[in-house]
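Below: the structure, in structure tokens.
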Amino acid sequence: MNLRQLEIFREVIRCQTTVAAAQGLALSQPAVSTAVKQMERQLGFQLFQRQGNRLIPTPEALEMYRDSDPIFSMVQSFSRKVAALRDTRSGSLRLLATPPIANALVPRALARFASRRPELHVDFDVRRTDGVIEGLESGAADLGVSLEPYARPGLEAELIGAGQMVCAMTPDHPLTAKSEISPAMLSGHRMIGFEPGARLGLLLQRDFFAGARPPCPIEVRYSNTACLLAEAGLGVALVDSFTAISGSRYRLEVRPLRPRVSVEAYALYQKARAPKRLVRAFIDELKKAVRPAFLETSEDR
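Counted the way UniProt numbering counts, the sequence shown spans residues 1 to 301.
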């Protein structure tokens, strides 16, 4: 017996008439009757006794029915699994992100994504750039999220959204009176900068400070740390907008820089293996979570 025959067999036992079984299976009554007769011929013994319009299962049929329960349960479970994969309602997501994105963009996107998928399993780790690349190339992660495209032969970099570097400060700081911040305006104010060699620090040095390295009495590795120190009143922090306006988690005022310094967020995955439907759905969620650089903050005021 194949699975379709088993389904018909079980429905006939449940309904005890071919008419009701046909309705339950969305088949015609003659199709069900033919299927029953075919099964009996294949098996070589009678499955049902005819009593008027009713089909009474034989002892052999009842034994088959009981023994088919595990098989049918497995098929139903598999069908539910396939439907969940199709609709991206369940599955596993192995995710790596560099700190600026991991502390800002990913939590917001993941919260909305997981709220609609109670059976979702997430393995999320925060690593520096080389760790994200290693995890993707080794197959230990499905997706990486970073502020750089990191051109590597085996990796695809898909743009998630654009932001910019901003100036973050306490609400009582004198620079909050300005609508935007220029390099000259920072003179005389203590700055929280990035450690030597940090990508965002090099970006600021090139595009904002015209190649010069500004004096920063406090240097950090990550934007998140800079925001915490700025919130504590230790100075102004020049950080990426993804971190600075991440769900208003910091009690900080934020102003754009002039000249503008753009930063972009990317989803990274293996070129040789197309992202599974769940990963693709999460990439779309990340794109929704990206706030236009400084636009939302300005509108909220």
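By construction, the Cβ of each residue, glycine as well, lies at the ideal position given by its N, Cα and C atoms. Nothing here was measured: the structure is a model prediction, and the numbers come from that model.
Approximately 6 Å separates the beta-carbon atoms of F242 and A265; this is inside 8 Å, confirming the contact. No residue range can be given for L27, since it is assigned to no beta strand (DSSP E) and is classified by DSSP as neither H nor E. In this structure, DSSP gives V126 an extended state, which the three-state scheme calls strand. In this structure, the CA atom of A22 is about 20 Å from the CA atom of D69. Inter-residue distance for Q16 and R54 is about 5 Å (C-alpha atoms, whole angstroms). The region 177-185 makes no contact with the region 112-130, as fewer than three CB pairs between them are under 8 Å.
Inter-segment contact for the region 129-140 and the region 152-163 is present: three or more beta-carbon pairs are separated by less than 8 Å. The DSSP-derived three-state label of Q164 is strand. Taking P259 as the centre and dropping the five residues before and after it, the same chain places the C-beta of D207 and F208 closer than 7 Å to its C-beta, in chain order.
Between M165 and V239 the beta-carbon gap is near 7 Å, inside 8 Å, which marks them as a contact.
By the CB criterion at 9 Å, P183 and L252 fall outside the cutoff. Residue nearest to A244 within the set P149, L43 and A168 is A168 (criterion: CA-CA distance). In the DSSP assignment, M169 is bridged to E253. For V239, there is no enclosing alpha helix (DSSP H); the enclosing beta strand (DSSP E) has its first and last residue at V236 to D240. For L202, the uninterrupted alpha helix (DSSP H) segment begins and ends at R199 to D207. With a cutoff of 9 Å on beta-carbon distance, L203 and V261 are scored as near each other. Taking every protein chain shown into account, the CB of N103 has 16 or more other CB atoms within 10 angstroms, so this residue is buried. Between the C-alpha atoms of C216 and C227 there is a straight-line separation of about 15 Å. The UniProt domain "HTH lysR-type" (1-58) is shown to contain whole beta strand (DSSP E) runs of 3 or more residues at 48-51 and 54-57, in chain order. With contacts defined by Cβ atoms closer than 9 Å, V132 and V106 do not form a contacting pair. DSSP places S223 in the uninterrupted alpha helix (DSSP H) bounded by S223 to E231.
For the pair L95 and L143, the CB atoms are nearer than the 9 Å cut-off.
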